[in-house]
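Enquirer: Counting from 410, one number per residue, gives the positions in the sequence shown under this note's numbering.
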Amino acid sequence: MQRQTDGVGAQALHVLIERYQALPQHANLSAAQIETLLNLARRYLEIVEPLDMAQTAYVYLHHWLEEAFASLHQQTALYYRWALIAQAFAALAAYSEMDEHLWDLENRMNLLLEQGKRKLDDANLAKFRALLMAYNDDAQGASLAWEQLGEITMAADYAREAGDMERAYNLLRQSKTAIPEELAVAVKAMRLLQQLEQKHHALRNEERRVLLEQLAALHTLITTEFAEENEEPAT
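#1: Within a Cβ cutoff of 6 Å, which residues of the same chain sit near G550, ignoring the five residues on either side of it in sequence?
#2: Along the chain, where does the alpha helix (DSSP H) that runs through Q464 open and close?
#3: From what residue to what residue does the alpha helix (DSSP H) around Y488 run?
#4: Are the CB atoms of V424 and Y453 nearer to each other than 7 Å?
#5: I'd like the list of long-range same chain contacts for A499, defined as Cβ closer than 7 Å, with 5 residues on each side in sequence excluded.
#6: Look at the alpha carbon of A564 and the alpha carbon of R613, and state the distance between them as a whole number of angstroms.
#7: Under the three-state reduction of DSSP, which class applies to G525: helix, strand or coil?
#8: Quick one: what does DSSP say L438 is sitting in, helix, strand or coil?
#9: State the Cα-Cα distance for the pair L503 and L621, rounded to the nearest angstrom.
#10: Suppose only complete runs of 4+ residues qualify. What are the alpha helix (DSSP H) ranges in the segment 530–601, listed by chain order?
#11: Specify, as a first and last residue, the run of the alpha helix (DSSP H) that Q430 falls within.
#12: Could you tell me if the beta carbon of Q420 falls within a distance shorter than 6 Å of some heavy atom in the ligand FMN?
#13: Counting C-beta neighbours from all protein chains within 10 Å, is the total for W512 16 or more, i.e. buried, or is it exposed?
#14: Closest to L522 by C-alpha separation, out of V457, Q483, L487 and A441, would be which residue?
#15: Could one say the Cβ of D547 lies closer than 7 Å to chain D's Cβ atoms, at least one of them?
#16: Which of the three DSSP states, helix, strand or coil, is assigned to Y624?
#17: Use the C-beta contact count for K528: other C-beta atoms within 10 angstroms, 16 or more gives buried, fewer gives exposed.
#18: To the nearest angstrom, how far is it from the Cα of R618 to the Cα of T633?
#19: On the CB-based measure, 16 or more other CB atoms within 10 Å of its CB, does R582 come out buried or exposed?
#20: Exposed or buried, which one is T599 when buried takes at least 16 other CB atoms within 10 Å?
#21: So the candidates are R576, I561 and Q430; which of them puts its Cα closest to the Cα of V596?
#22: Distance, Cα to Cα, R490 vs E560?
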């Protein structure tokens, strides 16, 4: 590891050493050993995430996630934790196996539910299902799932991802969480626009012209920023 001479690199190296001293085993891990391995993986990620590391710095983490996955079997209580760390890892390094692994875990979960070996109200499985919804671009479903779990801030975040600003606003108010200014302003604007649909008929011609100019300018600004933020990277 090229950064092992600095303080942060030393911390990462310490986690690597700790893993192989405390858990030299690579296969047939128990639930407790999987949990230990995932805790070490999370600690390593927290250390290296702020750094601009080469892909080679993540080789060990890839191995750890694969080892943990191979031992998960029906340890459904750990599906969510594994998937959460796998997603964080995939945001930093290539992890082509993750799609297939998540699909596999989802199938195992559904089979166990069908067989009555797990219950729908299992909190860990509910979290895993919520994560899968978000992963499969069902932000609205994920928001509803997190709300049912009592995770209101998470529910609000996914409501925003789904574009449901009014619901996100109400959830944040319900949880007494600070509402981001941009969201508060947008919700108030949407409410006023809905009122304007009913009231614009009585506006005078110049008032309509000024209003249309302002709306057109805002439309251009938002459209331009949206296009720039969603522009496909050049190949």
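Quick reminder that beta carbons are idealized off the backbone N, C-alpha and C, glycines included.
Expert: Result, derived from the coordinates:
#1: For G550, the CB contacts under 6 Å within the same chain, skipping 5 residues up- and downstream, are M542 in chain order.
#2: Following the DSSP letters along the chain, one finds Q464 in no alpha helix (DSSP H), marked with neither H nor E.
#3: That run of the alpha helix (DSSP H) goes Y488 to A499.
#4: Yes, they are a contact pair.
#5: Beyond the five residues adjoining it in sequence on each side, A499 comes within less than 7 Å, by CB distance, of M507 in the same chain, given in chain order.
#6: Answer to the nearest angstrom: the Cα atoms are 43 Å apart.
#7: If DSSP states are grouped into helix, strand and coil, G525 belongs with coil.
#8: Note: L438 maps to coil in three-state DSSP.
#9: Checking the sequence shown, residue 503 turns out to be Ala, not Leu. Looking at the two C-alpha atoms, the distance is approximately 47 Å.
#10: For the segment 530–601, whole alpha helix (DSSP H) runs of length 4 or above, ordered along the chain, are 532–544, 548–557, 561–570 and 574–583.
#11: Counting along the chain, the alpha helix (DSSP H) containing Q430 begins and ends at G416 to A431.
#12: The ligand FMN is not part of the structure shown, which contains no ligands of any sort.
#13: Exposed is the label assigned to W512, since fewer than 16 other Cβ atoms lie within 10 Å of its Cβ.
#14: Comparing alpha carbon positions, the residue from V457, Q483, L487 and A441 closest to L522 is Q483.
#15: Among the chains of the structure shown, chain D does not appear; only one protein chain is present.
#16: Rather than Tyr, the amino acid found at residue 624 in this sequence is Leu. Of the three classes helix, strand and coil, the one that applies to L624 here is helix, per DSSP.
#17: Its Cβ having fewer than 16 others within 10 Å, K528 is exposed.
#18: When rounded, the distance between both Cα atoms is 22 Å.
#19: Looking at its Cβ environment, which holds fewer than 16 other Cβ atoms inside 10 Å, R582 is exposed.
#20: In the sequence as displayed, the identity of residue 599 is Met instead of Thr. The residue in question, M599, is exposed, as its Cβ has fewer than 16 Cβ neighbours within 10 Å.
#21: Comparing Cα-Cα distances from V596 to each of R576, I561 and Q430, the minimum goes to R576.
#22: C-alpha separation (whole angstroms): 16 Å.
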